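Take a look at the structure below.
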Amino acid sequence: MQPGHALIVGAGFGGLAAAIALAQRGWTVRVHERRDSLRGEGYGIAIHNNMAHIFSSFGILDRVLAGGMKIDRRDSLDAQGDVVMSRKTTRSPYRIDRQHIIALLAERAREAGADIRFDSPVTGATPDGAITLGDGSMHRADLVVAADGVNSTVRDALGLLKQRIWGRDCGVRVTIPRLPEEIAADDCGGTVMIEAWADKRRVLFCPVTKSEFYVLLTCTARDAKACTTPIDPTVWTRSFPSLRDLFVRIRDTADWPQSRWDHFQTIRLKRWSVGRIAVLGDAAHAMPPYLAQGAGHAMMNALGLAAALERAPDVASAFEQWERRERPLTEHTQRWTRIYGATMFLPKPFKRVSILVEKIPWVATQYVRVANHVPTGISPM
Ligand SMILES: Cc1cc2nc3c(=O)[nH]c(=O)nc-3n(C[C@H](O)[C@H](O)[C@H](O)COP(=O)(O)OP(=O)(O)OC[C@H]3O[C@@H](n4cnc5c(N)ncnc54)[C@H](O)[C@@H]3O)c2cc1C
247 MQPGHALIVG AGFGGLAAAI ALAQRGWTVR VHERRDSLRG EGYGIAIHNN MAHIFSSFGI
307 LDRVLAGGMK IDRRDSLDAQ GDVVMSRKTT RSPYRIDRQH IIALLAERAR EAGADIRFDS
367 PVTGATPDGA ITLGDGSMHR ADLVVAADGV NSTVRDALGL LKQRIWGRDC GVRVTIPRLP
427 EEIAADDCGG TVMIEAWADK RRVLFCPVTK SEFYVLLTCT ARDAKACTTP IDPTVWTRSF
487 PSLRDLFVRI RDTADWPQSR WDHFQTIRLK RWSVGRIAVL GDAAHAMPPY LAQGAGHAMM
547 NALGLAAALE RAPDVASAFE QWERRERPLT EHTQRWTRIY GATMFLPKPF KRVSILVEKI
607 PWVATQYVRV ANHVPTGISP M
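If you count by my numbering, then the sequence shown holds residues 247 to 627, one letter each, in order.
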């Protein structure tokens with residue numbers, strides 16, 4: 247089909263990737279973002295091979311990677327701080343600051359011709375390709391891409407939600423300064439991502455820049471003593487005695503006003519599109535973050551959509567091909583990220599087994615399937 251005019255709702259990973267991929271294929275693109283700028287929460291995103299393929303196809307891979315850290319090893323610890331399993335990283339070899347990636351995606355989208363409008367919330371949409379903005383104005387397009395996040399206004403206006411599964415777990419992401427000795431240790435032992443499990447809690451941390459750690463704390467949503475802002479180091483030390491100093495540093499140095507506890511969710515839609523509107527990213531397929539692939543799937547499905555539109559005779563058949571092609575892998579990841587995260591809820595002896603189970607090649611293959619996937623719409627690197 248001939249490229250036309252596209253309106254994109256949301257300037258996150260999914261919306262900006264869609265903007266670039268469509269503009270590169272000849273579409274005129276306008277992005278509506280409700281925030282007043284690209285600034286969002288500061289935290290690290292794990293970059294896997296599938297995402298690296300996409301950044302490469304956008305011509306920004308080197309600059310993306312320059313803003314983060316390569317992680318050499320992943321160590322899983324038990325409550326005592328003993329290493330249960332150590333492996334070279336294949337799943338998330340890089341950890342990059344989110345703001346840095348978003349800024350580069352937006353720059354690339356503008357270079358490709360996209361117009362990004364801020365303070366521009368979308369309040370409604372109809373299947374014929376019309377959206378309503380907060381100021382009451384209505385705009386029409388040949389294609390609307392709703393990438394407006396887990397609480398998507400567009401998805402809900404269209405009645406596409408099939409299931410919203412609230413997990414038992416929630417998490418907070420922060421960054422904290424690294425100590426000089428921690429920075430120096432990179433040169434001797436390599437960079438390490440630590441993941442520790444104890445009680446119904448999990449701690450993950452690794453460098454995100456030379457001078458900062460990215461930290462993700464996870465616990466059950468009912469664990470009122472653990473999911474406080476800021477955290478109480480005594481409460482977390484009870485589960486992880488060897489990480490006491492880390493918890494004090496998290497309490498004292500994280501940017502708490504900028505941080506929030508996210509209750510993890512899984513979103514499933516009746517279908518990913520209706521009329522001229524496609525829904526993608528967390529709006530269509532949010533997932534708990536244990537496999538760190540939410541942003542990866544948002545970008546992969548944005549690129550896959552642009553590729554499908556390029557090949558199909560009309561929007562309806564492009565949407566059909568796109569969903570048929572991308573949805574099974576997305577649902578595979580939704581399933582396996584929940585399986586991985588279930589370690590948190592297991593009794594102590596089973597936690598160890600659950601970590602070690604990754605040594606079974608079949609299980610490891612399920613975990614890394616999406617990371618090793620070459621996204622639709624690009625040629626292999
Ligand atoms: C604790 C945690 C850790 C995570 N770690 C990782 C990780 O390591 N790797 C990874 O790949 N993923 C990770 N994720 C998931 C990842 O953050 C999301 O999957 C990703 O941000 C989804 O991108 P998106 O573009 O769909 O939505 P979002 O990033 O939520 O972007 C949506 C955009 O739409 C805008 N918007 C919303 N409503 C409107 C409206 N009505 N009008 C206009 N604009 C609107 C928002 O302001 C926002 O800019 C993690 C998630 C959590 C909760």
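Yeah, the Cβ is synthetic: ideal placement off N, Cα and C, and Gly gets one too.
Computed from a predicted structure; not experimentally measured.
For residue i: DSSP bridge partner residues
i      : result
VAL461 : VAL420, PHE451
ALA297 : It is Met, not Ala, that sits at residue 297 in the sequence shown. For MET297, which the question treats as bridged, DSSP gives no partner whatsoever.
MET315 : ARG341
MET331 : SER322
ILE585 : Paired residue(s): none; ILE585 is not in a bridge.
ILE633 : Here the chain has residues from 247 to 627 only, and residue 633 is not among them.
ASP415 : THR466
beta-carbon residue i near ligand 1 non-hydrogen atom, thresh 7 angstroms
i      : result
GLN551 : The residue asked about is misnamed: residue 551 is Leu in this sequence, not Gln. Result no, Cβ not under 7 angstroms from ligand 1.
ARG573 : no
PHE364 : no
PRO535 : yes
PHE304 : no
VAL255 : yes
THR399 : yes
HIS578 : no
ASP381 : no
ASP528 : yes
VAL310 : no
HIS278 : yes
GLN539 : yes
PRO367 : yes
ILE291 : yes
PHE451 : no
ASP402 : no
ARG320 : no
LEU670 : What is shown of the chain runs 247 to 627, which leaves residue 670 out entirely.
ALA352 : no
GLY542 : yes
PHE596 : no
ASP469 : no
PHE591 : no
PHE259 : yes
ALA252 : no
GLY413 : no
VAL506 : Going by the sequence as given, residue 506 is Arg instead of Val. The answer is no for ARG506.
GLY370 : no
LEU462 : yes
ARG419 : yes
ASP433 : no
ALA472 : no
ASP478 : no
ASP361 : no
Nonlocal neighbours in the same chain, by C-beta distance under 7 angstroms from residue i, ignoring five residues either side
i      : result
GLN612 : TRP582
VAL449 : ALA442, LEU463, PHE486, LEU489
SER283 : PHE364
THR579 : MET533, LEU537, GLN539, HIS543, VAL616
GLY313 : ILE342, ASP343, HIS346
MET545 : PHE259, GLY260, ALA263, MET297, ILE300
GLN567 : ALA554, ALA558
Close Cβ partners of residue i (< 6 angstroms) along its chain, the five nearest in sequence each way excluded
i      : result
ILE293 : TYR340, ILE342
ARG309 : LEU350
ILE266 : PHE304, ARG354, ALA355, ALA358
GLY380 : PRO367, THR369
TRP507 : CYS416, VAL418, CYS473
SER600 : THR589, LEU592
Same chain, Cβ closer than 8 angstroms to residue i, neighbours up to 5 away in sequence not counted
i      : result
GLY261 : ILE254, VAL255, VAL277, GLU279, VAL391, ALA393, ASP394, GLY527, ALA548
ARG468 : ARG414
LYS408 : ARG514, LEU515, LYS516
VAL603 : VAL609
THR483 : LEU489, ARG490, PHE493
GLY250 : TRP273, THR274, ALA387, ASP388, LEU389
PRO607 : none
THR475 : VAL418, TRP502, SER505, ARG506, TRP507
THR499 : ILE422, PRO423
Minimum Cβ-Cβ distance from residue i to chain C less than 8 angstroms
i      : result
ARG514 : Checking the listed chains, one finds no chain C in this structure; it contains a single protein chain.
### Query
At which residue ranges does the stretch 456-533 contain complete beta strand (DSSP E) runs of 3 or more residues, listed in the order of the chain?
458-466, 507-515, 523-525
### Message
At 3 residues or longer, what runs of the beta strand (DSSP E) sit wholly inside the stretch 346-411?
### Response
361-363, 368-372, 376-379, 384-386, 389-392
### Query
Can you give, in chain order, each stretch of the alpha helix (DSSP H) that sits fully within the stretch 252-307 and has at least 4 residues?
259-270, 295-303
### Task
Quick one: which unbroken alpha helix (DSSP H) runs of 4-plus residues sit fully inside the stretch 532-559? Chain order, please.
540-557
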